[in-house]
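All remarks here apply to the structure that follows.
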Amino acid sequence: MKLVIVGGVAGGMSAAARARRLDESAQIIVLDKGKHVSFANCGLPYFIGDEITDPGALLVQTPQSLKAALNLDVRPEHEVVGLDAAAHTVTVKSAQGTHRESYDALILAPGANAVIPPLPGIGSARVRTLRTVDDAVALKDMADGAKDAVVLGAGFIGLEAAEALEKRGLNVTVVELAPQILPPLDAPMANLVQAELERLGISVRVGVGATEVIPGDERDVVVLADGTRIPADLIVISVGVRPATAVFEAAGIACDRGAILTDDHGRTNLPDVWAVGDATAAKDPVTGAVRPVALAGPANRAGRLVADDLFGLEGARPIPTPLGTAIVRAGNLTAAMVGANRRSLEQAGIDFDTIDLHPNQHAGYFPGASQIHLTVHFRANDGTILGAQAVGADGVDKRIDVLATAIRAKMAVGDLIDLDLCYSPPYGNAKDPVNLAGMFGQNVLDSTTALWHPADLDRVTQTSLILDTRSAGEFAGGHVAGALNIPHTQLRDRIDEVTAAAAGRPVRVLCASGMRSYIAHRVLQQAGFDSATLSGGMLALRAHLGDRGDSVIVKG
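Start counting at 1 in the sequence shown, then tack on 1490, and there's your number in this note's numbering.
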């Protein structure tokens, strides 16, 4: 067996290592166009920010170490420029020239290339991407002595690069064409992260794109669509990636918008050719949408499974559809997500409910307690969990990992109540945030809780009485105009005031985070009112409003 693998980073190298463990006699050749293989591309921003100081630490393996440990023939700076599936050969270009390499089996793991927007001046020497170790070294060198940086794109890489450059003392501006940063997040969660970036001193511009880069002798200028001109000593492009598949699509590999189509075991439409990683299309297990998922974890795991299938391992498991579990740090906050967000669920026409809650990550009486802002989407008819997001200073990863497991297991939101999770005051609560999400969601499913959401505010203010159940002091500090304030502890004795103020209208209740308004809602519901409680309370409302908050929330 002669196995040729195109691409030597996540999926490709995982497949190569597994292939060797399955067959000691196979000839395994790994071809990669870059200088380095098996490098920690997810660690590049942390090298720029000096949290990782040695660039050598980013090289997880080298051709020499892979030869010694696994007897792999790893060839960096060997670019595959052609594929002849009928002849079972690939055409390879290197410093030594161009040659053909035959194969018995071929795994395509070419990854993805950074998208470069076609802007005037984008070829300036001060414009960089962040995809390789050399990119990171160059950016770090450019940052020394620089004053101003512009990051185009506010996805994961863009925010990590922005934070790294801010740590180096640069004035950083992030520009995002979409109406929010981190498009995979729901807007209220993204607003929380944006506020943290701004607290760090990073300027964030959303809903506007760059139209031009004007190169200069000493610095460049980035021009935005609204006419804003931003001086820049360096510019980072992070507007997305595109599967690096043009060569293979031209050779007959079936693709969808450039992403290679495969079956459940990574097989392509051509015989003896498999594909894995960022260059492949994946079907969203929640919405059914087909798109590439450029994440290291799924690529590494899929590489192993492709090798199992290729070598005929009995009972080779299919590649699971990736849930898109992801996490990013922004200052003192962490944002994480899994599954579908609100926008994708609406586009797919799925009938779903959403809950928002803000529990502490561990016991409130233990020092260091802080809130986790948690959103969970679930199917309206049966409670199947469809997606979840969290933002907070601590404990975010643990909860999203648990919820990712729950989604993979096709659990309903009510099943979260029964999860037996770690508890000790420094680590969690007797009712973990995940358990609380289950209780909240089950209340919605069995109609003991009726919800209204921050997005409903404009309609609610026109049609309903808003009852604010916080204390008088909290109310004075900021409330929705026209709301009636009755603290929840006084409600039972003041029901007549609610009746008079509502005058037959529905009552929509809110508090700070949702707990007190839920209690009030249950009192009102059992007293015969058309009542609903604001999911996530004022915390969720402020996050939803973002910059609009000051015009909607009044004081006094």
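Just so you know, even glycine gets a beta-carbon here, dropped at the ideal spot from N, CA and C.
Open item on the list: If distances are taken between C-alpha atoms only, which option among D1843, G1643, V1496 and R1889 comes closest to I1871?
Closed with: The question names Ile, yet the displayed sequence has Asn at residue 1871. That would be D1843, whose Cα lies nearest to the Cα of N1871.
Open item on the list: From the DSSP secondary-structure annotation, give me the bridge partner or partners of T1663.
Closed with: V1640 and S1693
Task: Residue range of the alpha helix (DSSP H) that includes M1632 - done: V1623 to A1633
Task: Pairwise C-alpha distance: S2003 and H1852 - done: 17 Å
Task: Cβ neighbour criterion (16 or more within 10 Å) applied to P1674 - done: buried
Task: Contacts around R2032, its chain only, beta-carbon distance under 8 Å, and the 5 residues preceding and following it disregarded - done: G2039 and I2043
Open item on the list: Rounded to whole angstroms, what is the Cα-Cα separation between N1790 and P1545?
Closed with: 22 Å
Open item on the list: Distance check for A1797 and I1518, CA to CA, integer angstroms please.
Closed with: 12 Å
Task: Backbone CA spacing between V1641 and S1693 [nearest angstrom] - done: 10 Å
Task: Cβ neighbour criterion (16 or more within 10 Å) applied to H1589 - done: exposed
Task: Separation of A1779 from G1854, as counted between CA atoms - done: 41 Å
Task: G1787: first and last residue of the uninterrupted alpha helix (DSSP H) it sits in - done: A1786 to L1800
Open item on the list: Quick check on DSSP: helix, strand or coil for T1951?
Closed with: helix
Task: For K1523, the three-state DSSP class (helix, strand or coil) - done: coil
Task: Where the beta strand (DSSP E) containing H2011 begins and where it ends - done: Segment M2005 to Q2016 is the alpha helix (DSSP H) holding H2011; no beta strand (DSSP E) there.
TODO: Kindly indicate which residue of T1815, L1957 and I1809 has the alpha-carbon position closest to the one of L1897.
DONE: It should be pointed out that residue 1897 corresponds to Ile in this sequence rather than to Leu. Selected option, being the one with the closest Cα: T1815.
- [ ] Spell out a yes or no on whether the region 1630-1641 and the region 1509-1528 are touching, meaning 3 or more CB-CB pairs, one atom from each, closer than 8 Å.
- [x] no
TODO: Determine the contact status of A1487 and V1662, defining contact as a CB-CB distance below 9 Å.
DONE: The question about residue 1487 has no answer, for the chain in this structure spans 1491 to 2046.
- [ ] Mind the definition here: the region 1830-1841 touches the region 1693-1706 only if three or more C-beta pairs lie below 8 Å; say whether that holds.
- [x] no
TODO: Jot down the residue ranges of each uninterrupted beta strand (DSSP E) in the region 1834-1870, minimum 3 residues, whole runs only, in chain order.
DONE: 1842-1847 and 1862-1869
TODO: Pull up the DSSP beta-bridge partners for T1770, would you.
DONE: I1750
Open item on the list: Please identify the residue among R1807, I1875, A1880 and A1547 whose C-alpha is closest to the C-alpha of D1905.
Closed with: I1875
Task: Cβ pair V1950, D1958 closer than 9 Å - done: no
TODO: Taking all protein chains shown into account, decide if K1637 is buried (16 or more other Cβ within 10 angstroms of its Cβ) or exposed.
DONE: exposed
- [ ] Would you check if the distance between the CB atom of D1625 and the CB atom of R1616 is smaller than 9 Å?
- [x] no
Open item on the list: Do L1493 and D1594 count as a contact pair if the criterion is CB distance below 9 Å?
Closed with: yes
- [ ] Can you grab the Cα-Cα spacing for the pair N1933 / Q1879, in whole Å?
- [x] 20 Å
Task: Alpha carbon of L1714 to alpha carbon of I1720, nearest angstrom - done: 8 Å
Open item on the list: Need the endpoints of the alpha helix (DSSP H) that Q1879 sits in, please.
Closed with: Not the alpha helix (DSSP H): Q1879 falls in the beta strand (DSSP E), residues I1875 to G1882.
- [ ] Grab the span of the alpha helix (DSSP H) containing E1804 for me, first residue to last.
- [x] Per DSSP, E1804 belongs to no alpha helix (DSSP H) and is neither H nor E.
Task: alpha helix (DSSP H) runs wholly inside the region 1927-1971, at least 4 long, in chain order - done: 1947-1953 and 1962-1966
TODO: Measuring alpha carbon to alpha carbon, tell me which of P1923, A1765, S1515 and F1868 ends up nearest D1891.
DONE: P1923
Task: Under 9 Å between C-beta atoms of T1939 and R1995 - done: no
Open item on the list: Please report the straight-line C-alpha distance between L2024 and I1862, rounded to a whole angstrom.
Closed with: 17 Å
- [ ] Have a look at the DSSP bridge pairing and note the partners of M1827.
- [x] A1816 and Q1879
Open item on the list: For L1556, which residues in the same chain have their Cβ closer than 6 Å to its Cβ, ignoring the five residues on either side in sequence?
Closed with: L1562 and V1564
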